[in-house]
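In terms of this note's numbering, the sequence shown opens at residue 61 and continues consecutively.
Even for Gly, the Cβ is constructed at its ideal location relative to N, Cα and C.
The next block holds one structure in the form of structure tokens; read it before the comments.
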Amino acid sequence: MTPASKGHALNAQRILLCVGGGIAAYKALELVRRLREAGAEVQVAMTAGAQQFVTPLSFQALSGHATRTSLWDSAAEQAMGHLELARWADRVIVAPATADLLARLANGHADDLVSTLCLATTAPLSVAPAMNHRMWLNPATQANVAALRERGVQVIGPDDGPLAEGESGPGRLREPDAIVAELAAAPVEPKSVAAAAPGGALKGLRVVVTAGPTYEDLDPVRYLGNRSSGKMGFAVAAAAQRQGADVLLVAGPVHLETPAGVKRVDVRSAAQMREAVFAAFPADIYIGAAAVADYTPRVAAASKIKKTGESLALDLVRTPDILSEVAALTQGKLKLVVGFAAETDNVAGYARGKLVAKRLDLIVANRVGIADGGFESDQNAMTAYWADGERDFPSAPKTQLADDLVALIVERLNA
Ligand code: C5P
């Protein structure tokens with residue numbers, strides 16, 4: 061690895077890579093890897109021509125995101141509309157940028173996905189041209205490139221050297237490592253980091269967050285609990301606070317430090333959590349990240365339960381569903397109610413079911429029981445669902461996921 065891609069030169073940047081239809085498209089696969097190694101999150105859009113050279117599936121495997129190929133793909137649009145994708149990007153890079161693509165960008169065309177994304181985005185645009193040297197040197201191409209430069213577009217390359225047709229000259233796509241180095245030399249502020257700056261988008265709003273497990277006492281020494289660490293809820297509370305919110309964190313039994321500037325109430329059982337939550341209202345946003353026990357002993361024994369029979373039956377009753385009650389009782393009062401769903405299977409199905417049944421504005425689902433994420437891990441991957449949309453949050457540290465989730469909450473508030 062070269063110094064350019066070593067470390068995290070593009071840390072936390074959201075890069076939209078638009079792949080044009082030239083033989084150098086295969087090098088864009090390597091570019092995705094290099095961008096990710098440099099710390100960027102990458103989504104890929106391809107022109108129809110690019111798909112003649114490389115498959116969308118290859119980009120999907122390397123980027124970890126579904127590859128976008130058309131303006132008219134309703135399933136992809138449902139997941140993230142193209143304008144949303146254009147907004148998502150901290151920067152856009154077109155590589156390889158063919159002569160035709162440069163001409164269309166220079167003229168502001170919007171007749172396919174890639175040209176539309178480039179026209180719609182307000183993020184900095186970089187282009188890495190690749191074509192036959194005669195096409196590159198043609199005054200028409202040179203005029204188009206000059207027009208793009210004039211508008212602040214970063215032009216990366218091309219390199220001089222052997223070309224695909226056995227000829228030689230200027231027109232080779234710059235090597236992926238060198239492209240990463242040039243991007244890193246023109247820094248942009250990642251929106252996820254910018255959004256995390258103090259005094260942000262939740263200023264003046266009161267946010268109640270629940271986190272951690274609840275413990276339901278069986279007797280003075282035993283309880284029913286679950287494996288929640290509370291890390292996600294604490295990270296979300298911290299992220300909301302960084303956005304300027306007045307945050308109250310209702311925490312079950314966890315071993316975590318209170319995030320700076322966040323008020324905290326500690327509770328043990330589901331009943332106590334419910335009481336603390338309702339005592340915290342009025343509020344503007346409720347985020348139920350706690351893994352509340354679903355059942356609690358009908359009565360907690362006053363003294364230690366003795367080993368007598370071969371088996372022991374516990375008499376359990378349902379706990380109050382705090383989230384449903386909050387959503388039902390505060391209808392119209394809270395601006396946004398957010399739930400979490402930890403599932404082992406059929407994640408999307410169960411999550412959407414709960415979104416409707418609990419009358420939530422947003423639900424965040426993650427698969428638990430996998431090796432590299434979930435309850436005790438610092439890392440997770442999740443998907444958020446709302447009535448008419450969803451968004452994937454690929455595997456990332458919980459602190460970053462929390463910033464991204466709070467950014468989505470801000471978007472939904474403004475929707
Ligand atoms: O139904 P399930 O427990 O999977 O739903 C999870 C969501 O509901 C979480 O947001 C959790 O905080 C909330 N919940 C609750 N009270 C319960 C059970 C779950 O607030 N008794």
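What residue from the options has the CA that sits closest to residue i's CA?
i: residue 208; options: 184, 305, 298 and 70; result: 184
i: residue 100; options: 241, 216 and 229; result: 241
i: residue 314; options: 405, 124, 341 and 285; result: 285
i: residue 470; options: 116, 378, 422 and 203; result: 422
i: residue 353; options: 283, 93, 76 and 366; result: 283
i: residue 391; options: 379, 400 and 346; result: 346
i: residue 477; options: 428, 387 and 442; result: Residue numbering for the chain in the displayed model covers 61 to 475; residue 477 lies beyond these limits and cannot be assessed.
i: residue 160; options: 196, 463, 91 and 265; result: 196
i: residue 113; options: 337, 302, 132 and 81; result: 81
i: residue 127; options: 171, 157, 193 and 78; result: 78
i: residue 214; options: 274, 170, 109 and 151; result: 151
i: residue 364; options: 427, 395 and 277; result: 277
i: residue 339; options: 268, 302 and 351; result: 268
i: residue 68; options: 116, 95 and 279; result: 95
i: residue 473; options: 316, 262 and 92; result: 262
i: residue 319; options: 459, 176, 125 and 146; result: 459
i: residue 454; options: 187, 201, 103 and 97; result: 103
i: residue 342; options: 265, 125 and 304; result: 265
i: residue 174; options: 191, 156 and 190; result: 156
i: residue 10; options: 349, 355 and 246; result: In the structure as shown, the chain starts at 61 and stops at 475, and residue 10 therefore has no counterpart that could be examined.
i: residue 281; options: 360, 461, 372 and 199; result: 360
i: residue 74; options: 83, 125, 89 and 106; result: 125
i: residue 119; options: 76, 149, 143 and 145; result: 76
i: residue 217; options: 229, 385 and 225; result: 229
i: residue 366; options: 71, 201 and 279; result: 279
i: residue 211; options: 290, 186 and 442; result: 186
i: residue 176; options: 309, 409, 357 and 142; result: 142
i: residue 377; options: 449, 330 and 90; result: 330
i: residue 106; options: 368, 121 and 130; result: 130
i: residue 379; options: 305, 335 and 408; result: 335
Who are residue i's beta bridge partners in DSSP?
i: residue 186; result: 153 and 214
i: residue 103; result: 76
i: residue 427; result: 403
i: residue 247; result: According to DSSP, which records beta bridges pairwise, residue 247 is partnered with nothing at all.
i: residue 232; result: 219
i: residue 397; result: 346
i: residue 262; result: Looking at the DSSP assignment, residue 262 forms no beta bridge with any residue, so it has no partner.
i: residue 422; result: 398
Which residue marks the beginning of the beta strand (DSSP E) containing residue i, and which one marks its end?
i: residue 376; result: 376-378
i: residue 176; result: That residue, residue 176, is in no beta strand (DSSP E); its alpha helix (DSSP H) goes 173-180.
i: residue 119; result: Element bounds for residue 119: not the beta strand (DSSP E) but the alpha helix (DSSP H), 116-123.
i: residue 442; result: 439-446
i: residue 220; result: 219-222
i: residue 450; result: 449-457
i: residue 271; result: 266-271
Since residue i is in the alpha helix (DSSP H), which residue starts that stretch and which ends it?
i: residue 132; result: Counting along the chain, residue 132 falls outside any alpha helix (DSSP H), and DSSP gives it neither H nor E.
i: residue 414; result: 407-417
i: residue 165; result: 159-166
i: residue 281; result: That residue, residue 281, is in no alpha helix (DSSP H); it is neither H nor E in DSSP.
i: residue 194; result: 193-197
i: residue 288; result: First-last for residue 288: undefined, no H or E at that position.
i: residue 10; result: Lying outside 61 to 475, the shown extent of the chain, residue 10 is not represented and no answer is given.
i: residue 383; result: 382-389
i: residue 372; result: No alpha helix (DSSP H) contains residue 372, which DSSP labels as neither H nor E.
i: residue 227; result: It is not in any alpha helix (DSSP H) - residue 227 carries neither H nor E in the DSSP assignment.
i: residue 142; result: 142-148
Indicate, with yes or no, if the ligand NAP has a heavy atom lying under 7 Å from the CB of residue i.
i: residue 350; result: The ligand NAP is not among the ligands present in this structure, which contains only the ligand C5P.
For residue i and chain D, any beta-carbon pair shorter than 8 Å?
i: residue 268; result: Here there is only one protein chain, and chain D is not present.
Curious, which full-length alpha helix (DSSP H) runs of at least 4 residues does the region 290-368 contain?
291-302 and 330-340
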